[in-house]
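Protein chains: 4
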Amino acid sequence: MIEASDRVIISGYGKSWFVRATDGKFGTDIGLVDLEQLIGKEPGDVIVTHSGKELVIRLPRATDFFEFAKRSGAPMLPRDIGLVIGLTGMNKNDRVLDAGTGSGIAAIFFSGVAREVVSYERKEESAELARMTIRDAGILNLQVITGDILRESGAYDIVHLDLGLTPDHVRHAHALLSPGGYLASYSPFFEQMACAYDVGQGLFTEIAPYECIMRDIDRTDRGTRPSTRVCHSGYITVMRR
Amino acid sequence: MIEASDRVIISGYGKSWFVRATDGKFGTDIGLVDLEQLIGKEPGDVIVTHSGKELVIRLPRATDFFEFAKRSGAPMLPRDIGLVIGLTGMNKNDRVLDAGTGSGIAAIFFSGVAREVVSYERKEESAELARMTIRDAGILNLQVITGDILRESGAYDIVHLDLGLTPDHVRHAHALLSPGGYLASYSPFFEQMACAYDVGQGLFTEIAPYECIMRDIDRTDRGTRPSTRVCHSGYITVMRR
Amino acid sequence: MIEASDRVIISGYGKSWFVRATDGKFGTDIGLVDLEQLIGKEPGDVIVTHSGKELVIRLPRATDFFEFAKRSGAPMLPRDIGLVIGLTGMNKNDRVLDAGTGSGIAAIFFSGVAREVVSYERKEESAELARMTIRDAGILNLQVITGDILRESGAYDIVHLDLGLTPDHVRHAHALLSPGGYLASYSPFFEQMACAYDVGQGLFTEIAPYECIMRDIDRTDRGTRPSTRVCHSGYITVMRR
Amino acid sequence: MIEASDRVIISGYGKSWFVRATDGKFGTDIGLVDLEQLIGKEPGDVIVTHSGKELVIRLPRATDFFEFAKRSGAPMLPRDIGLVIGLTGMNKNDRVLDAGTGSGIAAIFFSGVAREVVSYERKEESAELARMTIRDAGILNLQVITGDILRESGAYDIVHLDLGLTPDHVRHAHALLSPGGYLASYSPFFEQMACAYDVGQGLFTEIAPYECIMRDIDRTDRGTRPSTRVCHSGYITVMRR
């Protein structure tokens, strides 16, 4: 049941809006929505605008937070987050350590998969923004810590690093991992992939650096072609303890 | 605690073996292992070979099943499975419908993330092999059904199709999805991506076809270069209801 | 020796200007240039601006025409033109047939390699603009014909097509080629590559469709990475008679 | 007219053979060919096998030498050679310097385009094999020198390097180039691209490093897909003096 101040998506007529169940009105191009009506509804229920249009209520997914959440920088893309999940086999038994939090998008995706996620962010402002998004999302198994991940001392199944990688990060991640656990390091830059690889040699049992070139396909009346837009996002280096 | 007939990984000295906790012995190149000793141990515990070498015991992850499970064909790669998870934001609240099961690898990955997975396979032999792997893995939230997915009538958050796609598959998937839910269709072939796209138009609110070109990076004394091996696996078309 | 009305490049201080040897002055940010002085000079000679800066004179190369020539649409990129030259082994004995001319850039590149180039363009305006560029460039072995390439009846070593391809184009190109000659069809779209391939089967002895994904590499203080800009230009289908 | 000891291609029934006009017989699966008959014929003429099958005679193109010439290592691919030609606008006025010769394939392609080509190879054995291929091909404007390219002191429009690149190579190439001329450095490895780029900064006016990912397209009854075979050949760094 949707409770006061929950975040929900209302959608219809090919559009979606990210709103909060609260008193007040929300203007859309198909009429005003009375947000208080959302409280007590169930996902899948319908809400009616002042002009009589029906909108379906649903809970936001991680992909919606990628679209709608406030950002403190360019977040990792869902495709790259998915690669980390797939290449590590991340699952609901896992304890995941993540840094840097940034806008919190990767950590939010991981929290929907893993048992528990701890995410480090050095900038207090970014950390606070991410915490706000996480509270909004009602996520309980994700903790954002302001500080340096090198100070962390827990035990983890997966460590995910998306930061200015140094050799210390690779060694520290190794020390925190359970046997069979994975370090996944993401970077747009070649040099950080090389750093991860070189330090990981000898420490980890398997090291696999990848580059992912993912392309949107444009299909129109003129024909079908790979989009000429963004087609490199980064290198992902996966290492197993 | 590891129980009789559980599957575990024992690893050490840079190698891993996929074994079952059962009576009997297992030969490795660093000495015989008495498999009965595994029963009652915890993940992270150590087992000693006849020649006195220590091996760490751990539970298999989805990535291990990709390596070690019996196959009835070429399974989807962890990277492509990860893309489906990332692009749909798959999470522990989701009911996922999957077809065709094949070796069961994608379904096993999904079962580690989602609340419940139902997977259809038309070939009885493949279905039975996948069921055996799933039992071995102790997975309880994944059911393999022998038959045609077009007969399924449940409600799902995500439908994943990796089969010879027809327009009926796209329409049927749409009918089974909750509002905000995703169809993800995977195919190595252009034509099936085009079919998914063309039928999906008008039915779904968002349609995003992608091609993923993922490359291993080779790093040796001679230099660093993208591997010249496999670099296309398939097209993934993601559509949202 | 540079003659009146020849096109030349003058360059220095990290910049280049595309000018004509004629009476008149040309303003640059390092001072005025008296263009009449260019007449009678040799490539490699120096010209001095009013403010005493030295600029080197050189003849334009095809790559300069790509940068500086007037365009009647998006021209083929030098890399794609190069692929056509490399994959067909284009050389100074070849007679080359080209269509559509467009801005004339591909034809200009080919004219620097081949013995003779004939290029068809259906739009009179584009044909005239290309002819102007070609006269400017002093190119004598390249003729632009306004009209439909299907009316051409000569014999060629190479036919290059960059137009809305139809089955007739493929059959006609085959008829015009010498034994061992090549048809190279360029298109940004999948469907035209498929058309070339399907019609070419049975007619040609070798058919090789390619996709080229070429990426600029960005190298800065932050690191090295493939540019996220354009990375698909088109499909090139090469067929040998 | 074909003269004694000239290399020619004879083709028909979907096959090609690379032969020499000389006394003796050549066995094909469609009958014996009397090679002496080739002498005095023209390209396009027909020769008849002992079993009465007709084969067309044609002169070899650079692409045929890529297929048929003896190799002393893995030659550069026609597509990469084409990129060098396109990105530098190589043409019949150019003097081209090339190293290392290797099997001579790149130099042979260049000799069909440029006015004159000089190619350096340090291994006498490779140089001699390349010279033999070049004599066979009747190429007169291409000279292979055994030795180190750093000893060369001529003036060139284009320098092409496909060797273990050192900073000295980049500086020396710059010194040999005319204003507006190009250095094109090819390497499968990232590190050599980075070396070219870093040394070229400050020396050259334009520096453009590229990576080319070229993929064969497989089109069969099952569907159309990029081949999973080789899709990285190398980095090409183009710099202009």
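Protein chains in written order, with this note's numbering: chain A, 2 to 242; chain B, 2 to 242; chain C, 2 to 242; chain D, 2 to 242.
Virtual Cβ for every residue (Gly too), placed ideally from N, Cα, C.
- Taking B:A138 as reference, the option from B:G74, B:R241, B:A108 and B:R216 with the minimal CA-CA separation is B:A108.
- As a beta-bridge residue in DSSP terms, D:A209 pairs with D:V239.
- Taking a Cβ-Cβ cut-off of 9 angstroms, the neighbours of A:T225 in chain C comprise F190, F191 and E192, given in sequence order.
- In terms of Cβ geometry, C:M240 and C:E212 do not form a close pair [threshold 8 angstroms].
- When the beta-carbon positions are compared, C:P180 and D:V57 come within less than 8 angstroms of each other.
- Annotation for C:M77: I106, A107, D163 and Y187 place their beta carbon closer than 7 angstroms to its own, counting only its chain and skipping 5 residues before and after.
- DSSP places A:Y157 inside the beta strand (DSSP E), whose first and last residues are Y157 to L162.
- Rounded to the nearest whole angstrom, the CA to CA distance from A:R21 to A:A5 is 8 angstroms.
- Residue-level contact by beta carbon fails for C:E68 and chain D, as no gap is shorter than 8 angstroms.
- For A:Y183, the uninterrupted beta strand (DSSP E) segment begins and ends at L178 to S188.
- Residues of the same chain with a CB within less than 8 angstroms of the CB of C:A131, apart from the 5 flanking positions on each side, are S73, T102, G103, S104, G105, A108, S120, E122 and V145 in chain order.
- Taking a C-beta distance under 8 angstroms as the contact criterion, A:V160 and A:L204 do not qualify as a contact pair.
- A contact between stretches requires three or more CB pairs, one per stretch, nearer than 8 angstroms, and the segment 35-49 of chain D fails this requirement with the segment 53-68 of chain C.
- According to DSSP, C:I10 shares a beta bridge with C:F19 and C:R59.
- Here B:A100 carries a strand assignment [DSSP, helix/strand/coil].
- Annotation: A:I3 to A:I140 spans about 14 angstroms, alpha carbon to alpha carbon.
- DSSP links C:M215 through a beta bridge to D:C213.
- Here D:K124 has no same chain residue with a Cβ atom under 7 angstroms from its own Cβ, once five neighbours each way along the sequence are excluded.
- Taken through DSSP and simplified to helix, strand or coil, B:P227 comes out as strand.
- Per DSSP, the beta-bridge partners of A:I146 are A:Y121.
- Between B:T238 and B:A197, the CB-CB gap stays under 8 angstroms.
- Annotation: the continuous beta strand (DSSP E) that includes D:G32 extends over G32 to D35.
- Secondary structure of C:Q202 (DSSP, three-state): coil.
- Residues of chain B with a Cβ closer than 9 angstroms to the Cβ of A:R8 do not exist, since the nearest Cβ in that chain sits about 13 angstroms away.
- Identification of chain D residues near C:S154 by a Cβ-Cβ cut-off of 9 angstroms yields none; the smallest Cβ-Cβ distance measures about 17 angstroms.
- The C-beta of B:I135 comes no closer than 8 angstroms to any C-beta of chain A.
- Less than 8 angstroms separates the beta-carbon of A:L84 from that of B:R80.
- The beta carbon of B:G45 lies closer than 8 angstroms to those of V57, I58 and R59 in the same chain, with the five residues before and after it left out.
- C:G139 sits in coil when the DSSP states are folded into three classes, being neither helix nor strand.
- Neighbours of A:Y121 in chain B, taken as residues at a C-beta separation under 9 angstroms, are lacking, since the least C-beta distance is about 22 angstroms.
- Between the C-alpha atoms of A:G201 and B:I86 there is a straight-line separation of about 27 angstroms.
- For B:S234, the closest Cβ of chain A is not nearer than 8 angstroms.
- Between the C-alpha atoms of B:A128 and A:S234 there is a straight-line separation of about 37 angstroms.
- Of all residues in the segment 89-102 of chain A, only T89, G90, M91, N92, K93, N94 and D95 come within less than 9 angstroms of chain B when Cβ atoms are compared, listed by chain position.
- C:G155 is the residue among C:G25, C:P189, C:G155 and C:F190 whose C-alpha sits nearest the C-alpha of C:A174.
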